[in-house]
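Reviewing the structure listed below.
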Amino acid sequence: MRPKDKLEESILLAREMGFDVVAASPLQIEPNDGPEFEGFIRAARRGEVDVAILTSSTGVEALARMAERHGEDARALLSSAHRIAIGPLTAKAMSARGIEVDAIPEEYSSEGLVRQMGGGLAYKRVYLLRSSHGERVLYDGLAEAGAEVTEIVLYNLVPDPDSPEVQYLVAESMAGRVDAFAFSSSLSAASFIEAAERAAPRDKVIEMLNSRTVGAMGGPTRKRLEQMGVRVSAVPANATFRDLLEAIAAGPRTI
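Going by the working numbering, the sequence shown opens with residue 301, and the numbers climb by one from there.
Written as structure tokens, this is what we have:
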């Protein structure tokens, strides 16, 4: 289960790693171009963004495209900021847009970023540029470290349980023809389970998942699944989709 803009490359990656793939995008991506983003543009123009943190390649594209609509260049808007990418794929997307990357945490996750960089961001004006369902651990962790944190929602993630892809994935899953699940976000996990509840009672959906290998890309996704009664058996140290697939391929264990 991946966002639409990452689905094709994720399918190719999984196939290259030897998986037979059933794929769906349970979430629609809607740019959030409004007063909040306009406020960010004004702050960036005034040089009031000390640190900009981008947490996904989707966010990079949303930033660049919305900036263009306002007659701005994302590269210029961030030119005076210290630019942090959550991981290598985000950094790659930034570089493709001409945005220089100043830092990447050694552990590609919100928790890793806070642990490694939080102390150095105290008293800085930090802007989190991300989705409507960004992990609270990043905001809260940086705020607790003393940063002045502003969250800018670049795009909204909207559940799409009625899409044919999702319905097919649900049917294959409930028929027992899916061996492992790769959940890349807490929202995609919740959206899949809610979609599956249209075909079967929740206890049957949870029972089905608990009879399979379930992977979660990051601590918050794991926590959300476990809160819903799902046993998670694969959590990679770095929150990337490749690492998630490698954890699943390694067998039912937690990394």
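Backbone N, C-alpha and C define an ideal beta-carbon position, used for all residues, glycine too.
E406: buried (16+ other C-beta within 10 angstroms of its C-beta) or exposed?
Against the sequence shown, residue 406 aligns to sequence position 106. Exposed, since its Cβ has fewer than 16 Cβ neighbours within 10 Å.
Between which residues of its own chain and G412 is the CB-CB distance below 6 Å, once the five residues before and five after are set aside?
Here residue 412 is taken as the residue at index 112 of the sequence shown, counted from 1. Taken in chain order, the residues that qualify are P405.
Among residues of its own chain, excluding the 5 on either side of V437, which ones have a beta-carbon nearer than 8 Å to its beta-carbon?
By one-based count along the sequence shown, residue 437 stands at place 137. Here the set comprises S410, E411, V414, G519, P520.
What whole-angstrom Cβ distance do E330 and V458 have, given they're in contact under 8 Å?
Looking up residue 330 in the sequence shown gives position 30. Looking up residue 458 in the sequence shown gives position 158. 6 Å between Cβ atoms; contact.
Find out if the Cβ-Cβ distance for the pair A489, Y408 is shorter than 8 Å.
Position 189 of the sequence shown, counted from the first residue, corresponds to residue 489. Position 108 of the sequence shown, counted from the first residue, corresponds to residue 408. No.
Determine the DSSP secondary structure at P388, reduced to helix, strand or coil.
For the purposes of this step, residue 388 is taken as the residue at position 88 of the sequence shown. The answer is helix: DSSP assigns P388 an H, G or I state.
What residue range does the alpha helix (DSSP H) around N510 cover?
As a first step, residue 510 must be located in the sequence shown, where it is residue number 210. Per DSSP, N510 belongs to the alpha helix (DSSP H) from 502-510.
Where does Y408 sit, in a helix, a strand or coil, going by DSSP?
Here residue 408 refers to the residue found at position 108 of the sequence shown. Here Y408 sits in coil by DSSP.
In the DSSP assignment, find the alpha helix (DSSP H) that holds E309 and state where it starts and stops.
Taking the sequence shown and counting its residues from 1, the one referred to as residue 309 is at position 9. Looking at the DSSP string, the run of the alpha helix (DSSP H) that includes E309 is 304-316.
Flag E407 as yes if its beta-carbon sits less than 8 Å from any beta-carbon of chain D, otherwise no.
Here chain D cannot be found, since the structure has a single protein chain.
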